[in-house]
Amino acid sequence: MWIKGGDAVWGTPAPFASETEPTPTANDTRLDTESAPVYGAPDDPPGIAPEDSHARFFNFRASPPADHVLSGPGIPGNLSAEQAGNWLLGNVEEKWQKMMAMNYSYGIERDPDRLAKNDDDHTKFSNPLEVKLPNAPRSYWYAASEFEHEGSDGSTRDEECAADMGETGCVTQRTPLDLPLSRRNMIDVAVHNDTGVPKVKSGVKIGEGDGTVALLSLGAMCVEGWKSGSKWNPHGIKVITQEMAHEPEPFDPRGGQTTSDHIDILGSEALNMAILRIAAGRGEDVEERFVSRIQDYAKKIRWD
């Protein structure tokens with residue numbers, strides 16, 4: 001469940017105005033080989049403001065926003081997917097950090113030689129961005145995914161802190177040893193924006209997906225990363241992707257036979273027909289079908 005691929009997959013947030021480079025003057029020079037940084041996420045809606053980009057994975061705000069509370073080290077800021085992962089690991093117990101390091105990996109590997117070596121590294125097995133598909137060129141892989149325009153894509157977090165021993169209105173207090181600012185972070189469920197782009201529900205930024213999982217997680221590898229002959233599919237396994245639109249029946253609490261919601265899709269007629277065809281040896285009857293913009297989004301990932 002850990003976010004994989006870092007900013008190469010999930011995008012690089014644009015810096016705040018105070019962090020941007022100064023406007024170049026006539027005396028400044030720039031090498032022709034240098035390219036301007038690309039900001040934003042692959043699945044950002046057109047014309048989205050930089051501060052609303054899905055590339056801003058965690059958005060922090062201090063509560064209460066008083067000067068004395070904001071003193072000291074300050075709030076972490078607005079974090080990309082990669083920064084958010086590092087921040088989370090830095091705020092858990094050491095035993096949990098060791099468990100992650102010993103069992104999992106969540107980067108992206110582009111070097112074919114290293115990908116080959118990863119076949120023997122158990123920490124890479126759960127990350128499709130760091131291992132190859134098997135050498136089985138006559139095999140077929142079927143990817144059936146749901147699409148209902150909504151999926152979790154980031155969150156707003158509230159940071160509460162006490163700046164002095166006498167503060168009584170904050171959640172956390174300074175320790176008896178007067179250690180640095182004590183903090184508690186949580187998803188700020190008070191944040192809602194049903195009319196914004198993207199929408200925010202209970203502190204969670206809503207992007208495209210199946211109601212729970214983001215669209216990039218559902219389909220990026222299937223339509224682009226595992227293309228025949230790619231670094232991650234060098235032996236040319238054929239990957240067939242079939243997306244199913246979410247069209248729930250109005251009086252069925254689980255959506256009925258036309259649902260594509262997360263988990264409820266197991267009751268979808270289209271999914272079960274695809275499974276039966278594959279199981280009966282008629283996989284050639286399962287055709288590719290797309291109802292989302294995953295093909296466009298996947299092309300924007302920094303695969304190389």
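Residue numbering for the sequence shown follows UniProt numbering, starting at 1 and increasing by one per position.
Built from N, CA and C at the ideal position, the CB exists for glycine as well.
Distance between beta carbons of residue j and residue i, contact taken as under 8 Å
i	j	result
G85	Y106	7 Å
R289	Q242	5 Å
R56	P15	At roughly 11 Å, the Cβ-Cβ gap does not stay under 8 Å, so R56 and P15 are not in contact.
G225	P128	7 Å
R277	D264	That belief does not hold up - the Cβ atoms of R277 and D264 are roughly 21 Å apart, past 8 Å.
Residue i, buried or exposed, once every other Cβ within 10 Å from all chains shown has been counted against 16
i	result
T259	buried
A190	exposed
K231	buried
Y140	exposed
V69	Model confidence at V69 stands at a pLDDT of 39, short of 50, so the residue's coordinates are unreliable; what they give is reported in the following sentence. Classification of V69: buried, given that the 10 Å Cβ count is 16 or more.
S202	exposed
K4	buried
A279	exposed
N59	buried
V92	exposed
G47	exposed
D188	buried
L216	buried
L38	The sequence as given places Val at residue 38; Leu does not occur at that position. V38 should be labelled exposed.
N233	buried
Spatial neighbours of residue i in its chain, beta-carbon cut-off 8 Å, leaving aside the 5 residues before and after
i	result
A274	Y142, A144, Q242 and V286
G229	G236
D119	V131 and K132
C-alpha gap between residue i and residue j, whole angstroms
i	j	result
E269	Q295	24 Å
residue 305	P198	For residue 305 there is no data in the structure shown, the boundaries of the chain being 1 and 304.
P248	A220	25 Å
E109	L115	7 Å
P50	E82	18 Å
L271	L218	15 Å
T123	E94	18 Å
A214	R138	30 Å
A245	M1	24 Å
G196	M186	22 Å
M99	G283	40 Å
residue 371	W87	Since the displayed the chain opens at 1 and closes at 304, residue 371 lies outside it and no answer follows.
P250	P112	49 Å
K227	A101	29 Å
D121	Y104	10 Å
P134	L266	27 Å
D252	K117	49 Å
C-beta atoms of residue i and residue j nearer than 8 Å
i	j	result
S80	W10	yes
I301	P42	yes
V200	N193	yes
E208	S126	no
Contact set for residue i: own chain, Cβ-Cβ below 6 Å, skip 5 residues either direction
i	result
H262	D210, G211 and T212
V223	T241, I294, Q295 and A298
A8	I108 and R302
G281	none
G40	G11, S53 and A55
N78	R56 and N59
residue 309	With the chain covering 1 to 304 only, the question about residue 309 has no answer from this structure.
Cut-off 7 Å between Cβ atoms - residues of its own chain near residue i, not counting five sequence neighbours on either side
i	result
Q97	L89
D304	R110
Interface flag, residue i vs chain D, CB-CB below 8 Å
i	result
N78	Here there is only one protein chain, and chain D is not present.
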